[in-house]
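What follows is a set of notes on a single structure, which appears directly below.
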Amino acid sequence: MAASESAQSAATITLEVFRYRPGQDDEPTFQRYDVPYQEDWVVLDALNHVKDHIDGTLTYRWSCRMGVCGSCGMMVNGDPKLTCAAFLRDYYPDAIRIEPLNYFPVIRDLVINMDDFLDKMSEVKTWLIPKEEKPVSEGEYLQTPAELAHYKQFSMCINCMLCYAACPVYGQHPNFIGPAAIALAQRYNLDSRDGAADDRADAIFSHEGIWECTFVGDCTRVCPKKVDPAGAIQQAKVEATKDWFRSVLVPWGNK
Amino acid sequence: MARSNEPIFWSLFSAGGVVAAFFMPITILLTVIAVPAGLISAEGLRQLASHPLTRLYLFVLISLPMFHWAHRFRFVAVDLGCKSISGILPVVCYGTALVVTLLALFHLVT
Amino acid sequence: MSVDAIETKSKEYIRPMPANWWMTKKTYVSFIVRELTCIFVGGYALFLLVLAARLEEPEAFAAWLNSPLLIILQIVALPMVLYHSITWINLTPKVMVVWRGEERVSPLVIAGANYVAWAILSIAIFYLVCI
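Chains as they are written, first to last, in our numbering: chain A, 5 to 259; chain B, 43 to 152; chain C, 19 to 149.
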């Protein structure tokens with residue numbers, strides 16, 4: 005513990021937190037809280053301190069506190085971050101501004117409505133649809149390390165939605181399927197066990213799919229798991245283009 | 043949701059981007075320095091101007107980059123706020139690129 | 019006993035996206051700058067169109083190329099077109115994914131190969147035109 009000259013002074017840091025209480029507030033406000041500053045604390049620790057000791061009404065999502073569940077995504081000083089991975093020491097002694105993830109409706113305080121993202125994952129069918137269904141008795145689906153490598157990066161997505169909060173296209177066009185959903189579609193399309201790439205194509209090769217993307221690239225920058233959704237989208241554009249030329253030049257070919 | 047026809051425009055945009063990336067800088071250097079500074083002789087210039095490869099080079103460097111501009115511009119204009127014209131913007135942009143392509147064809151083939 | 023479930027929804031707050039959204043972050047600004055280089059790409063293509071129209075009189079167009087206005091415009095366009103080239107080549111590895119077994123060919127190798135090709139092509143063209 006830091007030895008300080010005055011008996012009571014321990015280091016503190018100020019949080020400027022977005023508050024919105026439906027039914028009570030018409031417009032959001034910002035509330036300032038002074039929390040203890042500790043070198044090993046993350047923003048989530050500071051928020052938990054607020055909730056436990058200062059203001060129990062503050063509402064926010066969190067769970068694993070170690071960067072694998074994707075629950076605690078918020079805007080920290082204007083950039084989407086997992087609050088369990090944003091260290092106070094990187095901002096100290098300046099105040100830290102905490103807001104709900106951009107481009108999503110706010111339900112309360114720092115909690116956003118993520119239905120749109122969940123709907124889009126359903127639309128794009130982000131689950132394995134095997135090429136050939138076989139009963140458990142016939143054994144496992146085999147896959148080589150090379151086949152695994154092709155989609156592994158895209159499988160690291162924890163559905164934290166930081167990429168949506170970084171994407172200005174999603175901000176301006178809420179119909180845009182978005183980075184994570186497309187990256188996850190690619191995760192399954194590139195999985196050797198999967199056979200539904202053509203099904204997914206109708207969803208992602210559309211105007212609201214990959215073609216809204218202008219390769220800003222911020223989604224890849226903010227992704228905490230290095231999924232590289234921007235890369236996934238560009239690869240999907242190449243696939244869609246090959247598919248289009250095939251259908252135009254060889255229209256009699258089977259789909 | 044229907045599969046989009048964007049691929050044709052994206053292909054032209056990409057081709058234009060590649061052509062512009064690899065060939066424009068050196069071409070600008072040639073037109074801004076080499077000719078005014080006399081790095082090419084008058085005779086060399088005459089040979090260059092009449093060579094069919096020059097015509098092909100110019101055609102590719104005019105048409106494809108125009109489609110590159112068209113595609114990128116129609117998206118960035120909407121990003122910067124021109125939402126009200128987002129319907130006709132593609133028509134105007136790709137249309138301009140097409141007109142320029144036809145003009146280039148006319149000048150370089152005849 | 020059946021109970022009808024009523025779903026009540028609280029009034030959600032929708033934050034409007036400001037018109038100057040692209041000025042709010044460094045990455046957004048550099049994105050817009052990158053996109054706007056297309057204006058200079060298109061502009062130079064138009065310049066080449068005018069050049070193409072004057073191909074029949076090489077002496078006249080050599081004189082035209084000496085125009086100070088055109089030289090200034092090209093001096094402005096050159097760094098913009100170079101920025102296009104650099105950002106384009108740097109993004110190529112994201113679009114061009116090459117696999118060797120379990121490993122991806124490093125993006126640095128792909129970009130590097132493109133830079134080398136760019137250099138070779140530029141030198142070749144300079145040589146062909148000036149010599």
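Idealized CB from N, CA, C, for every residue including glycine.
Contact between the segment 19-27 of chain A and the segment 99-114 of chain A is defined here as three or more beta-carbon pairs at a separation below 8 Å; is this criterion met? Contact between the segment 19-27 of chain A and the segment 99-114 of chain A is present: three or more C-beta pairs spanning the two stretches fall below 8 Å.
Is it buried or exposed for Gly130/C, if we count other Cβ within 10 angstroms and need 16 for buried? exposed
Put Gly77/A into one of helix, strand or coil per three-state DSSP. strand
Can you find a C-beta in chain B that's less than 7 Å from the C-beta of Thr245/A? yes
Near Val94/C, which residues of its chain fall below 8 Å by C-beta distance, leaving aside the five closest residues on each side in sequence? Phe58
Using a Cβ-Cβ cutoff of less than 7 Å, which residues in the same chain neighbour Arg65/A once the five nearest sequence positions on both sides are dropped? These residues qualify, in order along the chain: Ser75, Cys76 and Val115.
In chain B, which residues lie with their C-beta within 8 Å of the C-beta of Ser103/C? Ala62, Ala63, Phe64, Met66 and Pro67
Report the neighbours of Thr73/B on chain C: residues whose CB is nearer than 7 Å to its CB, in chain order. Leu83 and Gln92
Tell me the rounded alpha-carbon separation between Arg114/B and Ala50/A. In a straight line, the C-alpha of Arg114/B is about 43 Å away from that of Ala50/A.
As a quick exercise: from Asp29/A, Ile237/A and Val254/A, pick the residue whose alpha carbon is nearest that of Gln190/A. Of the candidates Asp29/A, Ile237/A and Val254/A, Ile237/A places its Cα closest to the Cα of Gln190/A.
Simplified DSSP assignment, three categories, for Ile17/A: Three-state result, Ile17/A: strand.
Using a Cβ cut-off of 7 Å, which residues of the segment 218-243 of chain A contact any Cβ in chain B, in chain order? So the list reads Thr218 and Lys241, given in the order they occur along the chain.
Using 7 Å as the limit for Cβ to Cβ distance, is Ser210/A near chain B? Closer than 7 Å to some Cβ of chain B, the Cβ of Ser210/A qualifies, so yes.
Selection of the segment 126-139 of chain C by Cβ proximity to chain B, strictly under 9 Å: Asn132, Ala135, Trp136 and Leu139
Let me make sure I understand the geometry here. Which of Ser210/A, Phe108/A and Trp131/A has the alpha-carbon closest to that of Leu188/A? Trp131/A
Per DSSP, cross-strand counterpart(s) of Leu87/C: DSSP output for Leu87/C lists no bridge partner at all.
Identify, in the order they occur along the chain, each residue of the same chain with its Cβ nearer than 8 Å to the Cβ of Arg225/A, setting aside the five sequence neighbours on each side. Ala170
Whole-angstrom distance between Val173/A and Glu9/A, CA atom to CA atom: Low local confidence applies: a pLDDT of 49 at Glu9/A is under 50, so the model's placement there is unreliable, with the coordinate-based value given in what follows. Each residue's Cα considered, the two are about 52 Å apart.
Boundaries of the beta strand (DSSP E) in which Val39/A is found, first to last residue: Thr33 to Pro40
Which same chain residues end up closer than 8 Å to Arg204/A when comparing Cβ atoms and leaving out the 5 residues on each side of it in sequence? So the list reads Val128, Lys129, Ala189, Tyr192 and Asn193, once near-sequence residues are dropped.
The alpha helix (DSSP H) with Val61/B in it runs from where to where? Glu48 to Leu71
Span of the beta strand (DSSP E) around Glu142/A: Following the DSSP letters along the chain, one finds Glu142/A in no beta strand (DSSP E), marked with neither H nor E.
As assigned by DSSP and simplified to three states, the class of Arg197/A: In the structure shown, Arg197/A sits in coil (DSSP, three-state: anything other than H, G, I, E or B).
Using 8 Å for Cβ pairs, my map puts Tyr62/C next to Ile70/B. What's the rounded Cβ distance? 6 Å
Going along the chain, which residues of its own chain have a beta-carbon closer than 6 Å to the beta-carbon of Gly137/B, five neighbours each way excluded? Cβ within range, chain order: n/a, list empty.
Short CB-CB distance (under 7 Å) between Ile111/A and chain C: yes
Contacts that Gly123/B makes with chain C (C-beta to C-beta distance below 8 Å): Result: Ala37.
Nearest to Cys88/A by CA position, among Val47/A, Asp94/A and Met125/A, is which residue? With distances taken between Cα atoms, Cys88/A lies closest to Val47/A.
Proximal chain C residues relative to Ala150/A, where beta-carbon distance stays under 7 Å: Gly119 and Glu120
Can you tell me which of Leu72/B, Ala44/B and Leu144/B puts its alpha carbon nearest to the alpha carbon of Leu106/B? Leu144/B
Residues in the same chain with beta-carbon distance under 6 Å from Thr33/A, minus the five sequence neighbours each way, listed in chain order, please. Arg23
Nearest-angstrom Cβ-Cβ length linking Ala37/C and His149/B, presumed shorter than 8 Å: Going by Cβ atoms, the distance from Ala37/C to His149/B rounds to 41 Å, so no, they are not a contact pair.
Please classify Thr158/C: is it buried, with 16 or more other beta-carbons within 10 angstroms of its beta-carbon, or exposed? Here chain C has residues from 19 to 149 only, and residue 158/C is not among them.
Tell me whether Lys112/C sits in a helix, a strand or coil according to DSSP, three-state version. helix
Among the residues of its own chain, which have a CB less than 8 Å from the CB of Pro116/C, if the five just before and after it don't count? First, the residue type needs correcting, since residue 116/C is Val and not Pro in the sequence shown. Only Arg122, Val123 and Ile128 meet the Cβ criterion.
Alpha carbon of Ile143/C to alpha carbon of Lys156/A, nearest angstrom: Approximately 43 Å, taken between the alpha carbons.
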